[in-house]
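Take a look at the structure below.
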Amino acid sequence: MSYKTIVGLEIHVELSTKTKAFCGCENAYGREPNTCTCPVCLGLPGATPVLNKGAVERAIEIATAFHMTINHKSTFSRKNYFYPDLTKGYQITQTDEAIANDGYIEIDSESGEPKKIGIHQIQLEEDTGKSLHTDQGTTLMDYNRCGVPLVEIVTDPDMSSGLEARLFLEKLRNTLRYLGVSDVKMEEGSLRCDVNVNIKDTESGERSAISEVKNLNSFRAVEKAIDYEVNRQIELMEKGETELRATRRWDDAKNETVVMRVKHTANDYRFAPEGDLGPLFIDDAWIEEVQSRMAELPDAKVERFIDQYGLKEYDAKVICGSKTVADFYEEVARHFDDYEMLSNWFMTEFLRRIEVTDDGEMDVPFEAEDFAYLLEQIKSSKINNNAGKKVFRKMCEEGKKPKAIIDEEGLAQIGDVAEIEAFVKEVLDENPESVEQYRNGKDRVVGFLVGQVMKKSRGKANPQMANELLTKFLKQ
Ligand code: ZN
Ligand code: MN
Numbered sequence: 022m023s024y025k026t027i028v029g030l031e032i033h034v035e036l037s038t039k040t041k042a043f044c045g046c047e048n049a050y051g052r053e054p055n056t057c058t059c060p061v062c063l064g065l066p067g068a069t070p071v072l073n074k075g076a077v078e079r080a081i082e083i084a085t086a087f088h089m090t091i092n093h094k095s096t097f098s099r100k101n102y103f104y105p106d107l108t109k110g111y112q113i114t115q116t117d118e119a120i121a122n123d124g125y126i127e128i129d130s131e132s133g134e135p136k137k138i139g140i141h142q143i144q145l146e147e148d149t150g151k152s153l154h155t156d157q158g159t160t161l162m163d164y165n166r167c168g169v170p171l172v173e174i175v176t177d178p179d180m181s182s183g184l185e186a187r188l189f190l191e192k193l194r195n196t197l198r199y200l201g202v203s204d205v206k207m208e209e210g211s212l213r214c215d216v217n218v219n220i221k222d223t224e225s226g227e228r229s230a231i232s233e234v235k236n237l238n239s240f241r242a243v244e245k246a247i248d249y250e251v252n253r254q255i256e257l258m259e260k261g262e263t264e265l266r267a268t269r270r271w272d273d274a275k276n277e278t279v280v281m282r283v284k285h286t287a288n289d290y291r292f293a294p295e296g297d298l299g300p301l302f303i304d305d306a307w308i309e310e311v312q313s314r315m316a317e318l319p320d321a322k323v324e325r326f327i328d329q330y331g332l333k334e335y336d337a338k339v340i341c342g343s344k345t346v347a348d349f350y351e352e353v354a355r356h357f358d359d360y361e362m363l364s365n366w367f368m369t370e371f372l373r374r375i376e377v378t379d380d381g382e383m384d385v386p387f388e389a390e391d392f393a394y395l396l397e398q399i400k401s402s403k404i405n406n407n408a409g410k411k412v413f414r415k416m417c418e419e420g421k422k423p424k425a426i427i428d429e430e431g432l433a434q435i436g437d438v439a440e441i442e443a444f445v446k447e448v449l450d451e452n453p454e455s456v457e458q459y460r461n462g463k464d465r466v467v468g469f470l471v472g473q474v475m476k477k478s479r480g481k482a483n484p485q486m487a488n489e490l491l492t493k494f495l496k497q
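Using the numbering used here, the letters of the sequence shown map in sequence onto residues 22 to 497.
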């Protein structure tokens, strides 16, 4: 039997505007509960919403980055439902006349081939408040998040595995982070993801009921939940069992999905036009104006790094995989122009020692100039490569300046011919059998003898000079 996995995602992204979507309240995370509220976002009778221009412009940027068609006219609707975190009794959102449609994000799929994942729609809407369930069995409400602008991103069902969904989300998050339109932090809820997954028997065409999985708090959880659902649905189908479409949640501790509610009927939100907000008109001039000040996107940065710094495609993708890393590369490159050596150091020592978090943050305990200074010392043979790695490790661990470390540790390379010659002569005297072997045609002993010179100089001799001098004396 063979099955095709069908995955679509619904992603909610909080926009990092100064104020909320429809009022002047501050849009900030982590404030004292209920200190960023007003009659509009609390939904008090008679209060009227006014659309935040900054939210619209961020949505235009997102739509552009995802190659979407931006609609010149879009409208707002009321999505009616009752829940304590929604005091108005409805959420302002967009439905079939949303701000943008029909785009895509290109990912490097499992096979390594590029694959386009369709974006069906993005819609502007508002966030709800937050319920805090206490250990005492009570629930407290914080309305600071009420009315925070959201973009809901609805993909086409184009992903065919858990891994592909994760790769898609990573690209999406990276793109949004490059744009600077959102913090995109899953643990703070500024990026949230729901999954729709089902399978299709490729021979009979039979499809399983769609599972909608919620409560996913990491991309890893998204991947695991999809893989879990696929296996569960295949098992059911092979037993000939069917089930109703259901909403499930991911239980991270148990590593399984659990039913929250079965959908006997479609939800009826009684969508109605939002009478307090007119249509949103966006003309080409506005779109062009917003696009003209957009930040560089990840794919464009990769291309530029290949052109400008001559990087290999793979290296450019790794370095540009995080904007903070790419920015730091460019800062060092302003002071050190052997870009290939620089990227080698980034790909190995730098990324091995500097941790980049899921939020794209990193803590570098030295300045770009310090890194450039170290590389310059190595390039000009003032210290050798191994000493350079040692200095770098100390820069990371102790935050000291490279010059101070080189001086303290006495790492400066010996590049003086007379000094190295003295070591070479000693080594040759002490190893007559190696000299003999060399004369009998065993060139490889040179490596051993260089090692001896390095040992004698406590690692400080310039290895290349040691090699040249040894060869010279051996040939005499
Ligand atoms: Zn407000
Ligand atoms: Mn939504």
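For each residue, glycine too, the CB sits at the ideal point set by N, CA and C.
For N407, the uninterrupted alpha helix (DSSP H) run begins and ends at 406-419, by DSSP.
Distances taken from the Cβ of V323 to the heavy atoms of the ligand ZN include none shorter than 7 Å. Taking 8 Å as the cut-off, the Cβ atoms of V466 and P484 do not count as close. Burial check for E35: the Cβ neighbour count within 10 Å reaches 16 or more, so the residue is buried.
K410 is the residue among H88, A274, K410 whose C-alpha sits nearest the C-alpha of F371.
In this structure, DSSP gives Y249 a helical state, which the three-state scheme calls helix. G29 is not a Cβ neighbour of T149, given a cutoff of 8 Å. If you ignore the 5 residues before and after E250, its C-beta comes within less than 7 Å of the C-beta of V218, S232, V234, T278, all in its own chain and listed in chain order. If you ignore the 5 residues before and after C341, its C-beta comes within less than 8 Å of the C-beta of P319, K322, V323, F326, A347, all in its own chain and listed in chain order.
By the Cβ neighbour-count rule, A306 is exposed, with fewer than 16 other Cβ atoms within 10 Å of its own.
Assignment of P423 by DSSP, reduced to helix, strand and coil, places it in the helix class.
The residue among W366, V438, A408 with its C-alpha nearest the C-alpha of I426 is A408.
Shown here, I441 sits in a helix according to DSSP, grouped into three states. With respect to the 8 Å criterion, I174 and E146 are not classified as neighbours on the basis of their beta carbons. Following the DSSP letters along the chain, one finds Q458 inside the alpha helix (DSSP H) bounded by residues 453-460. Straight across, the Cα-Cα distance linking I404 with T345 is about 29 Å. In this structure S401 is exposed. Its beta-carbon is surrounded by fewer than 16 other beta-carbon atoms within 10 angstroms. The beta carbon of S478 is closer than 7 Å to those of I435, F444 in its chain, skipping five residues each way along the sequence. Under the DSSP assignment, A121 falls outside any alpha helix (DSSP H), being part of the beta strand (DSSP E) whose first and last residues are 121-129. DSSP places Q157 outside both helix and strand once states are collapsed to three, so it counts as coil.
Under the three-state reduction of DSSP, L495 is assigned to helix. C-alpha of K481 to C-alpha of F494: approximately 20 Å in a straight line. Shown here, G183 sits in a helix according to DSSP, grouped into three states. Short note on T58: C-beta closer than 7 Å to some heavy atom of the ligand ZN. For K137, the enclosing beta strand (DSSP E) has its first and last residue at 135-147. The DSSP assignment places no complete run of the alpha helix (DSSP H) inside the segment 267-311 (cut-off: 4 residues).
Restricted to the segment 49-122, the beta strand (DSSP E) segments that are unbroken, complete and at least 3 residues in length are 98-101, 111-114, listed in chain order. For G150, the Cβ stays outside the 7 Å cut-off from all heavy atoms of the ligand ZN. Apart from sequence neighbours up to five positions away, the residues of its chain that approach K245 with a beta-carbon distance below 7 Å are G183, N276, ordered along the chain.
With three or more CB-CB distances shorter than 8 Å, the segment 60-78 counts as touching the segment 42-51. Counting along the chain, the unbroken alpha helix (DSSP H) around N365 starts and ends at 360-366.
Three or more Cβ pairs closer than 8 Å define a contact, and the segment 286-297 falls short of that threshold against the segment 255-263.
Per DSSP, the beta-bridge partners of E233 are N217, T268.
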